[in-house]
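A.B. asks: Using the numbering used here, the letters of the sequence shown map in sequence onto residues 121 to 576.
A virtual CB, placed ideally from N, CA and C, is assigned to each residue, including glycine.
What follows is a single structure, and I will ask about it in a moment.
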Amino acid sequence: MLNIVRSDYSFEENYNTYLQLYENSEKIGYEGGMFRTLLNISELYMEKSQYEKALEFLGRIEDIPLSSENSYFSKIKSYQVKAFAFVKLGFFDEAFNSLEKAEELAKNLKGDLKHHNVGRIHHIRGGLYFEMEYPADSSINSIKRAITEYEKLSDKTLKERTLIEQYINLCGNYAEIEKYDSAIYYAHKAKAIESINKAAELYVDMNLGSVYYKTQQFDSAIYYYQNSKDLSILIGDLVAQQHIYETLFKIYDDLDDTENYKIYNKSYLAVTDSLNKISKSGVNRASESIKKEITTAFNQEKWKLKAVIGLVIFLGLIILFFTIKYFIKFYKVRKEKNILEDEVVQKDIEISEVRYQANQDAIKELVDLVKNNDPAFIARFKEVYNEWYSKINDMEPTLTTEELRFAAMLFMHFNTKDIARFTFVQAKTIQMKKYRLRKKLNIDSNVEISDWLNNI
Numbered sequence: 121m122l123n124i125v126r127s128d129y130s131f132e133e134n135y136n137t138y139l140q141l142y143e144n145s146e147k148i149g150y151e152g153g154m155f156r157t158l159l160n161i162s163e164l165y166m167e168k169s170q171y172e173k174a175l176e177f178l179g180r181i182e183d184i185p186l187s188s189e190n191s192y193f194s195k196i197k198s199y200q201v202k203a204f205a206f207v208k209l210g211f212f213d214e215a216f217n218s219l220e221k222a223e224e225l226a227k228n229l230k231g232d233l234k235h236h237n238v239g240r241i242h243h244i245r246g247g248l249y250f251e252m253e254y255p256a257d258s259s260i261n262s263i264k265r266a267i268t269e270y271e272k273l274s275d276k277t278l279k280e281r282t283l284i285e286q287y288i289n290l291c292g293n294y295a296e297i298e299k300y301d302s303a304i305y306y307a308h309k310a311k312a313i314e315s316i317n318k319a320a321e322l323y324v325d326m327n328l329g330s331v332y333y334k335t336q337q338f339d340s341a342i343y344y345y346q347n348s349k350d351l352s353i354l355i356g357d358l359v360a361q362q363h364i365y366e367t368l369f370k371i372y373d374d375l376d377d378t379e380n381y382k383i384y385n386k387s388y389l390a391v392t393d394s395l396n397k398i399s400k401s402g403v404n405r406a407s408e409s410i411k412k413e414i415t416t417a418f419n420q421e422k423w424k425l426k427a428v429i430g431l432v433i434f435l436g437l438i439i440l441f442f443t444i445k446y447f448i449k450f451y452k453v454r455k456e457k458n459i460l461e462d463e464v465v466q467k468d469i470e471i472s473e474v475r476y477q478a479n480q481d482a483i484k485e486l487v488d489l490v491k492n493n494d495p496a497f498i499a500r501f502k503e504v505y506n507e508w509y510s511k512i513n514d515m516e517p518t519l520t521t522e523e524l525r526f527a528a529m530l531f532m533h534f535n536t537k538d539i540a541r542f543t544f545v546q547a548k549t550i551q552m553k554k555y556r557l558r559k560k561l562n563i564d565s566n567v568e569i570s571d572w573l574n575n576i
């Protein structure tokens, strides 16, 4: 709800737009517009770390009377944002007071709207306890209370997504206080939910690997870190790969496994270097540089290897023929193994980098097609997000091509004003399309439609 700010506008342009919308809403007595615009203005100030100004506009929301369920939801949201602002200013008592007010209001809601909001408040409270370094039980109890609320949700998609998130949080909290059995239990509860996505599964496996490493169960630690390595390569998460390779070479160092230590240490250094180069020069230049460095290092090792082999042959002629033969065979195997290790490391890095760049290029292409109102947008979108496109069709087979095109734009986080501008229609028309799509897909009014579509 809050993050609908135009990134291509300056702070002043966004601020003036929302202020004008607020004044217009106030003139006609439109409470929803008043709540929404004040929340957006406060969010602008939060992003600029001007927390006192954010609190000023959030305070104005308290003066607006509550007359509908949506009004309750907006005021609850304002108290949650106030809590974050107070934390940033170091006023922790005020932050907790804001969450208590939000919880009292949330109890007046009904159904999923109530359970989702009360659960989120407990989740935020648990985060505050953690940030303020309260005893771990305080944070854990808040997360468990959030889980109790989320388990009551009737919306299966929302229920499973929120439960996965909280199970992962509990796993991390229990690991922090060395209650490893509980950490493992909640990690497996997250993995047991069929709808868990690859990104969440990646971090569950990383948490399990960390727990087993801390308890010196090295075989299990290696198993889960190997799983997470494969997932990180699949989704192109180089940052996760860096952590995984670093932990694996430390595990093998503890086990005095020199060969695997070298493999994962080399992988860690290569990925770290790749990340550094991506941030400076882009994926393509980084890839070429890494290839060149690996080739140079390999050639240097090859010449060293030849020198050693020559020396062994020379010494072998003096000593024994069979000793010479043994060393020649030994170094040949070692050379082949080094080549294979380099190929594996390079292949993993190239796969991740290509996927990362391809994804960025595809998104830019889709954005350009939307801006030009190009009919080719939906066909290209279907190619890029084929799995999502199939899922939404299975959920509601009666969706028309135009409805699918509109849903795709919302999935990409285009806001009402942008869609209206790019498709040459009025904003009211887009709002009506949103309403009809919500009704057709049975999306709760408290859930941001773009977020719902991204969680399919």
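Quick check on the DSSP output: the alpha helix (DSSP H) that includes L322 runs from which residue to which?
C.D. replies: 318 to 334 is the span of the alpha helix (DSSP H), which, as asked, contains L322.
A.B. asks: Out of G292, M326, K318, which one is the CA nearest neighbour of L354?
C.D. replies: It is K318.
A.B. asks: Tell me which residues share the same chain as A266 and place their Cβ nearer than 6 angstroms to its Cβ, disregarding the 5 neighbours each side in the sequence.
C.D. replies: Only G239, H242, H243, Q286 meet the Cβ criterion.
A.B. asks: Do Y192 and I161 have their CB atoms nearer than 8 angstroms?
C.D. replies: For Y192 and I161, no; Cβs fall outside 8 angstroms.
A.B. asks: Quick one: residues in its chain with C-beta nearer than 7 angstroms to the C-beta of T268, no 5 flanking neighbours on either side, listed in chain order?
C.D. replies: So no residue of the chain qualifies.
A.B. asks: Using a Cβ-Cβ cutoff of less than 8 angstroms, which residues in the same chain neighbour K560 once the five nearest sequence positions on both sides are dropped?
C.D. replies: Closer than 8 angstroms at Cβ, skipping near neighbours: E516, T518, L519, E523.
A.B. asks: Could you tell me the alpha carbon to alpha carbon distance between H235 and K272, rounded to whole angstroms?
C.D. replies: If you take the alpha carbons of H235 and K272, they lie about 7 angstroms apart.
A.B. asks: Helix, strand or coil for Q337? Go by DSSP, reduced to three states.
C.D. replies: Correct three-state label for Q337: coil.
A.B. asks: Once DSSP output is grouped into helix, strand and coil, what is the label at E563?
C.D. replies: One detail in the question is off: residue 563 reads as Ile in this sequence, not Glu. The answer is coil: DSSP assigns I563 none of H, G, I, E or B.
A.B. asks: Considering Cα atoms alone, identify which of Q480, N575, I184 is closest to A527.
C.D. replies: Cα-wise, what sits closest to A527 is N575.
A.B. asks: Measure the alpha-carbon distance for N380 versus K311 and round it to whole angstroms.
C.D. replies: Going from the Cα of N380 to the Cα of K311 covers about 28 angstroms.
A.B. asks: Buried or exposed, going by whether 16 or more other CB atoms sit within 10 Å of the CB of F206?
C.D. replies: Its Cβ being crowded by 16 or more others within 10 Å, F206 is buried.
A.B. asks: Please identify the residue among K553, L283, I539 whose C-alpha is closest to the C-alpha of N492.
C.D. replies: Nearest of K553, L283, I539 to N492, Cα basis: I539.
A.B. asks: Taking K179 as the reference, give the member of S187, K195, L164, L186 with the closest Cα.
C.D. replies: First, the amino acid is wrong: residue 179 is Gly here, not Lys. Comparing Cα-Cα distances from G179 to each of S187, K195, L164, L186, the minimum goes to K195.
A.B. asks: Keeping to the same chain, check which residues put their C-beta closer than 8 angstroms to that of I563; ignore five residues upstream and five downstream.
C.D. replies: So the qualifying residues of the chain are L557, I569, W572.
A.B. asks: Quick one: what's got a C-beta closer than 7 angstroms to Y249's C-beta in the same chain, skipping five residues either side?
C.D. replies: Closer than 7 angstroms at the Cβ level, and outside the excluded window around Y249, lie S258, S259, S262.
A.B. asks: Along the chain, where does the alpha helix (DSSP H) containing F531 start, and where does it finish?
C.D. replies: Run containing F531: 521 to 531, per the alpha helix (DSSP H) assignment.
A.B. asks: Grab the span of the alpha helix (DSSP H) containing K264 for me, first residue to last.
C.D. replies: 256 to 270 is the span of the alpha helix (DSSP H), which, as asked, contains K264.
A.B. asks: Tell me whether the beta-carbon of G356 lies closer than 8 angstroms to the beta-carbon of Y345.
C.D. replies: Result no, Cβ atoms of G356 and Y345 do not sit closer than 8 angstroms.
A.B. asks: Candidates M532, W508, K511: which alpha carbon is nearest E485's?
C.D. replies: Closest option to E485, Cα to Cα, is M532.
A.B. asks: Taking the alpha carbon of G247 as the reference point, which residue from A222, N293, Y505, N134 has its own alpha carbon closest?
C.D. replies: Of A222, N293, Y505, N134, the residue nearest in Cα terms is N293.
A.B. asks: Between which two residues does the alpha helix (DSSP H) holding V545 run?
C.D. replies: Here V545 belongs to no alpha helix (DSSP H), and DSSP marks it neither H nor E.
A.B. asks: Considering G210, what are the terminal residues of the alpha helix (DSSP H) in which it resides?
C.D. replies: Where G210 is concerned, there is no enclosing alpha helix (DSSP H), given that its DSSP letter is neither H nor E.
A.B. asks: With a threshold of 16 other CB atoms inside 10 Å of the CB of M552, please say whether the residue is buried or exposed.
C.D. replies: That one is exposed.
A.B. asks: Do you know offhand how far D376's Cα is from N289's?
C.D. replies: Spanning the two alpha carbons is a distance of roughly 33 angstroms.
A.B. asks: What does the alpha-carbon distance come out to for the pair Y333 and Y171?
C.D. replies: Y333 and Y171: Cα-Cα distance of roughly 41 angstroms.
A.B. asks: If we count the other Cβ atoms within 10 Å of its Cβ and call it buried at 16 or more, is F497 buried or exposed?
C.D. replies: Buried, since its Cβ has 16 or more Cβ neighbours within 10 Å.
A.B. asks: For A341, is the classification buried or exposed, using 16 other Cβ atoms within 10 angstroms of its Cβ as the cut-off for buried?
C.D. replies: With 16 or more Cβ atoms within 10 Å of its Cβ, A341 is classed as buried.
A.B. asks: Since K202 and S187 are thought to touch, with beta carbons under 8 angstroms apart, how far apart are those beta carbons, to the nearest angstrom?
C.D. replies: That belief does not hold up - the Cβ atoms of K202 and S187 are roughly 21 angstroms apart, past 8 angstroms.
A.B. asks: For C291 versus N347, is the C-beta spacing smaller than 8 angstroms?
C.D. replies: Going by C-beta atoms, C291 is not nearer than 8 angstroms to N347.
A.B. asks: Could you pull the start and end residues of the alpha helix (DSSP H) that F501 belongs to?
C.D. replies: F501 -> alpha helix (DSSP H) spans 497 to 504.
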